[in-house]
Every structure is written in structure tokens, then in C-alpha cells.
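Notes follow the structure.
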Amino acid sequence: MSTLEWDVAGTHGRVAVREWNGSAPTWLCLVAHGYGEHMGRYERLAAELVADGAVVVGPDHTGHGESDGERVLVESYDDVVADLHAVARRTLADHPGLPVVLLGHSMGGMIAARYVQLHARVVDVLVLSSPVLGRWAPVTDLLGLPEIPDGPLDTSTLSRDPEVGAAYEADPLVWHGPFKRPTIAAMARTMKDITDGPDLGSLPTLWIHGDADTLVPIDGTRVGIPELGASALTERTYPGGRHELFNETNRDEVVADVRAFVRENLPAG
1 MSTLEWDVAG
11 THGRVAVREW
21 NGSAPTWLCL
31 VAHGYGEHMG
41 RYERLAAELV
51 ADGAVVVGPD
61 HTGHGESDGE
71 RVLVESYDDV
81 VADLHAVARR
91 TLADHPGLPV
101 VLLGHSMGGM
111 IAARYVQLHA
121 RVVDVLVLSS
131 PVLGRWAPVT
141 DLLGLPEIPD
151 GPLDTSTLSR
161 DPEVGAAYEA
171 DPLVWHGPFK
181 RPTIAAMART
191 MKDITDGPDL
201 GSLPTLWIHG
211 DADTLVPIDG
221 TRVGIPELGA
231 SALTERTYPG
241 GRHELFNETN
251 RDEVVADVRA
261 FVRENLPAG
């Protein structure tokens, strides 16, 4: 597997991109990462998907990781979608004709849903991992407070594997501070835009979620899933699974489910 690092000109400065590929790829996996993290945390997943024939690519969203911008400040998620689209165009120019799987985790699931609404023709398969959709406490509760609390993330909520939380705490590219009010307000607007936007229709869509996820509880997301209007939806729920399913103790099962869904739904040829 080869790893490449490159940049695109984003809507708010330089956007850092990571790309993993092997020989003779047959599909492209475009990744939208979650709030406060970065694409470097997806290397293990990328290796498994590359072994299955993928080119895996994704940006550090504006204000995240190695990209420009004030840390975790997002004033418009349509701008983040535009940056993701610039990455998709560049990668497809380098690998023309490949079908596209869009994988979004957590906040990235919200970004992925919005991406498909704005660029439906680009994506052939959609995978939503613990997505922020429907009803989410930071959006419904924090915006009403006069001051956003600066409480640390309980990293045990990420995975049943304690090493995942320890690595998260030690990662200098991960944001360890509080939410920023403009970012939460932008999330609220985007969730409403997704509700009001066009349906996903017959796009093959896989929704995966742990039933013990306390960061993005499954019941809140379940409110938003019907609003996507996805007639070809498949749901996989993992008992005991916490927020980061690709870093969970049953991650092999989760990755196998994603790979099988992709293989079953990629366009012929």
C-alpha cells in the first residue's frame, strides 16, 4: 500500500489530504471523518479497503488535523462539502472511471448525507457510520446555554478497547477543547437542510451504529434516518458497540460487513 499526502485549495485555505492505494484499484472510497479528528486515524481501515481493491482518500476538514483554519471552527458545512468535492474531482481525475463509495463517520456522516444531496451523480454507494442526523444533544442543548462548557471528552465512549481512548488523548492533531458555538449552529442548519433536501432515493445506503453509543446515541439518529428518503437502506446495529465502530473490539465484523455491502452494490464492471 502506498500513502500519499497532498493539498487542495479549500474554501477557507489549504486542505490537507491523505490517499492510500495499491495496484490496479477498482473503486474509490471517499472518507469524511468526524468532529475534532483527522484522516490519519483511518490508516488501518484504509489498509483493509485497499486490500479489497480501493483507493481510499479523504481530507482533514477545515479547522481539523493538518488543514488550515481556526481549530474546529466551521461556519458552513456546505463549504466543507465543497472541499470534499474538490478532493473527489482530483482523485477521479487521477483514477478515471472508478465507482465511488462515500463513507462518513459521525459528523462526517452528516457531511456525507449533505454531499449526496448536492452531488448525487458522483456517489454510487453510501456508508454512514454512527452519523449525526436527526436529533443530537449538542445541537439541541448547547446552543441554548449562555456559555459552552469546556468539559473533556470521556474517551471510554469511543470504544471498548482502552487503547483507542489512550491514543486519542495522546494525539496532538485531535482537538481536545470545547465545542465552538458557530460550529454547533452550522450543524443545526445542516441537519435541517438535510431534512428539507432531496431524497437519497435508490442509492445503496448502509447505516451502521452501536447500540451503546453515548456520543451519538442511536435513538437520536434513528429520528433522522427516514428523513433521508433512502429506499435502498440497510441497517446494521452492533450490540454493545460504542461510537467508533472501526476501532471497536468487534471491528473485524464491522469492516467485513462494510466490505460485503460495497461488493454487493458496486456497479457492474
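Residue 236 in the UniProt record's numbering sits at position 236 of the sequence shown, and the numbers go up by one each step.
We treat Cβ as the ideally placed atom computed from N, Cα and C, and that holds for glycine.
Computed from a predicted structure; not experimentally measured.
Label T62 either buried or exposed according to how many other C-beta atoms from any shown protein chain fall within 10 Å of its C-beta, with 16 as the threshold for buried.
Taking the sequence shown and counting its residues from 1, one reaches residue 62 at position 62. Taking all protein chains shown into account, T62 has 16 or more neighbouring C-beta atoms within 10 Å of its C-beta and is therefore buried.
Find out if the Cβ-Cβ distance for the pair V216, L103 is shorter than 9 Å.
Against the sequence shown, residue 216 aligns to sequence position 216. Against the sequence shown, residue 103 aligns to sequence position 103. In this structure, L103 does not lie closer than 9 Å to V216 by Cβ.
What are the boundary residues of the beta strand (DSSP E) that includes I208?
In the sequence shown, counting from the first residue as 1, residue 208 sits at position 208. For I208, the enclosing beta strand (DSSP E) starts and ends at T205 to G210.
Please report the straight-line C-alpha distance between P149 and E43, rounded to a whole angstrom.
As a working note, residue 149 is residue 149 in the sequence shown. As a working note, residue 43 is residue 43 in the sequence shown. Looking at the two C-alpha atoms, the distance is approximately 32 Å.
Excluding the 5 residues preceding and the 5 following M1 in the sequence, name in chain order all residues of the same chain whose CB lies nearer than 6 Å to its CB.
Taking the first residue of the sequence shown as 1, we reach residue 1 at position 1. The answer, listed in chain order, is W20, G22, A47 and V50.
Do I208 and E227 have their CB atoms nearer than 9 Å?
Reading the sequence shown from its first residue, position 208 is the one you call residue 208. Reading the sequence shown from its first residue, position 227 is the one you call residue 227. Contact: no.
Any contact between the segment 179-188 and the segment 70-87? By contact I mean 3 or more CB pairs, one from each, below 8 Å.
yes
For V216, does the three-state DSSP call read helix, strand or coil?
Locating residue 216 in the sequence shown gives position 216, counting from the first residue. Three-state result, V216: coil.
Quick one, which of M187, S231, Y168 and V116 has its alpha-carbon nearest L142's?
On the sequence shown, position 142 is the one that residue 142 refers to. For the residues M187, S231, Y168 and V116, the minimum Cα distance to L142 belongs to M187.
Taking D7 as part of the beta strand (DSSP E), name the residues at either end of that continuous run.
Numbered from 1 along the sequence shown, position 7 holds the residue referred to as residue 7. Counting along the chain, the beta strand (DSSP E) containing D7 begins and ends at S2 to G10.
I'd like to confirm the pairing. Which residues does DSSP put opposite H119 in its beta bridges?
Within the sequence shown, numbered from 1, the residue matching residue 119 stands at position 119. Beta-bridge pairing links H119 to no other residue.
Suppose contacts are defined by Cβ-Cβ distances below 9 Å. Is V87 in contact with V132 by that definition?
As a working mapping, residue 87 is identified with position 87 in the sequence shown. As a working mapping, residue 132 is identified with position 132 in the sequence shown. Cβ atoms of V87 and V132: not closer than 9 Å.
Hey, how far is the Cα of H95 from the Cα of V116?
Stepping through the sequence shown from its first residue, residue 95 is reached at position 95. Stepping through the sequence shown from its first residue, residue 116 is reached at position 116. Whole-angstrom Cα-Cα distance: 20 Å.
Going by beta-carbon coordinates alone, are G241 and D213 separated by less than 9 Å?
If you number the sequence shown from 1, residue 241 lands on position 241. If you number the sequence shown from 1, residue 213 lands on position 213. Yes. Within cutoff.
Nearest by alpha-carbon distance to P162: which of V17, G34, E244 and W136 is it?
Against the sequence shown, residue 162 aligns to sequence position 162. Comparing Cα positions, the closest option is E244.
Distance, Cα to Cα, G10 vs D60?
Translated into positions along the sequence shown, residue 10 becomes position 10. Translated into positions along the sequence shown, residue 60 becomes position 60. Straight-line Cα distance between these residues: approximately 11 Å.
So which of A230, N250, H176 and R189 has the shortest CA-CA distance to G210?
What you label residue 210 is simply residue 210 of the sequence shown in a count that begins at 1. The residue with the shortest Cα to Cα distance from G210 is N250.
Would you mind working out which of M39, H33, T3 and H64 sits nearest H12, comparing C-alpha positions?
On the sequence shown, residue 12 is found 12 positions in, with the first residue counted as 1. The candidate whose alpha carbon is nearest that of H12 is H64.
Over what stretch of residues does the beta strand (DSSP E) that includes P59 continue unbroken?
For the purposes of this step, residue 59 is taken as the residue at position 59 of the sequence shown. It spans A54 to P59 - the beta strand (DSSP E) in which P59 sits, taken as one unbroken run.
What do you get for L126, buried or exposed, if any count of 16 or more other CB atoms within 10 angstroms of its CB means buried?
Within the sequence shown, the letter at position 126 stands for residue 126. Around the Cβ of L126, a 10 Å sphere holds 16 or more other Cβ atoms; the residue is buried.
Rounded to a whole number of angstroms, what is the C-alpha to C-alpha distance between P99 and F179?
Within the sequence shown, numbered from 1, the residue matching residue 99 stands at position 99. Within the sequence shown, numbered from 1, the residue matching residue 179 stands at position 179. Near 36 Å, if we compare the C-alpha coordinates of F179 and P99.
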